[in-house]
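**Q**
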Amino acid sequence: MKNEIQYRELHADEINTELFRDFNRRQVVTKCRRREKDGWVIREDPFIDDWSEEDYRTLVVCLKHTLETNGFVYGAFYEGKLKGFTSVESMLSGGEQRYLDLSCIHVSEELRGNGIGTVLFLAAKEWAKKHGASKLYISAHSAVESQRFYEKMGCVEAQVYDQKHVEAEPYDCQLENRL
Numbered sequence: 420m421k422n423e424i425q426y427r428e429l430h431a432d433e434i435n436t437e438l439f440r441d442f443n444r445r446q447v448v449t450k451c452r453r454r455e456k457d458g459w460v461i462r463e464d465p466f467i468d469d470w471s472e473e474d475y476r477t478l479v480v481c482l483k484h485t486l487e488t489n490g491f492v493y494g495a496f497y498e499g500k501l502k503g504f505t506s507v508e509s510m511l512s513g514g515e516q517r518y519l520d521l522s523c524i525h526v527s528e529e530l531r532g533n534g535i536g537t538v539l540f541l542a543a544k545e546w547a548k549k550h551g552a553s554k555l556y557i558s559a560h561s562a563v564e565s566q567r568f569y570e571k572m573g574c575v576e577a578q579v580y581d582q583k584h585v586e587a588e589p590y591d592c593q594l595e596n597r598l
């Protein structure tokens, strides 16, 4: 399967809701990693994470904005259909941490576990390093499966939390990855 996946940068003029027609965000979550006063714990918190049509429209606006502000959007295609993507914002943050924000990384449900996320993550790291970052900043989904992926990629708790991410997604895990 790995040889059948094509990876490439995306351009603003091709990002529209039709691009995501064959992309399945669905994730069945049972356990989540949570930050509590005594540290990190795993909690039962079953739910299904999926995107509505409105979520896809918002995603299109966000990804176009990323590109319009000189960020990075990179996709994985299987049989010509988008099956994974990542994005990195262009504005450095975190003071001496020199973070660039990994704003998205998603793989379509039916192709998770095939190494696509790893390729996307490594491409995001390479781009961020070339654009002056010392670390990627990730406001990461708290599902234990997602957290396992980030741990495998070498991510650790962020030294400096980005408050806009904390406020927008209070249950996310704030992570960083050294480049």
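In this note's numbering, the protein residues as written are 420 to 598.
Glycine included, C-beta positions come from ideal geometry on N, C-alpha and C.
On a predicted model such as this, the values are computed, not experimentally measured, just so you know.
(1) Rounded to whole angstroms, what's the CA-CA distance from residue 591 to residue 499? Just pull it up for me.
(2) State buried or exposed for residue 452, treating a residue as buried only when at least 16 other CB atoms are found within 10 Å of its CB.
(3) Among 506, 555, 531 and 529, whose alpha-carbon lies nearest the alpha-carbon of residue 485?
(4) Excluding the 5 residues flanking residue 431 on each side, which residues of the same chain have their C-beta closer than 7 Å to its C-beta?
(5) By how many angstroms is the C-alpha of residue 564 removed from the C-alpha of residue 449?
(6) If we count the other Cβ atoms within 10 Å of its Cβ and call it buried at 16 or more, is residue 425 buried or exposed?
(7) Would a C-beta distance cut-off of 8 Å place residue 542 and residue 556 closer than the cut-off?
(8) Helix, strand or coil, according to DSSP, for residue 503 in the structure here?
(9) Can you tell me which residues form a DSSP beta bridge with residue 427?
(10) Could you tell me the alpha carbon to alpha carbon distance between residue 528 and residue 534, rounded to whole angstroms?
(11) Is residue 513 buried or exposed, if buried means 16 or more other CB atoms sit within 10 Å of its CB?
**A** Answer, in terms of the structure:
(1) Distance from the CA atom of residue 591 to the CA atom of residue 499, rounded to whole angstroms, is 32 Å.
(2) It counts as buried.
(3) Considering only alpha carbons, the answer is 506.
(4) Hits under 7 Å: 483, 486 and 487.
(5) Cα to Cα, residue 449 sits roughly 10 Å from residue 564.
(6) Per the 10 Å Cβ criterion, exposed.
(7) Taking the C-beta atoms as reference points, residue 556 is found no nearer than 8 Å to residue 542.
(8) Collapsing the DSSP output to three states places residue 503 in a strand.
(9) DSSP, once it has assigned bridges, lists 494 as partnering residue 427.
(10) Taking the straight line from one Cα to the other gives about 13 Å.
(11) Classification of residue 513: buried, given that the 10 Å Cβ count is 16 or more.
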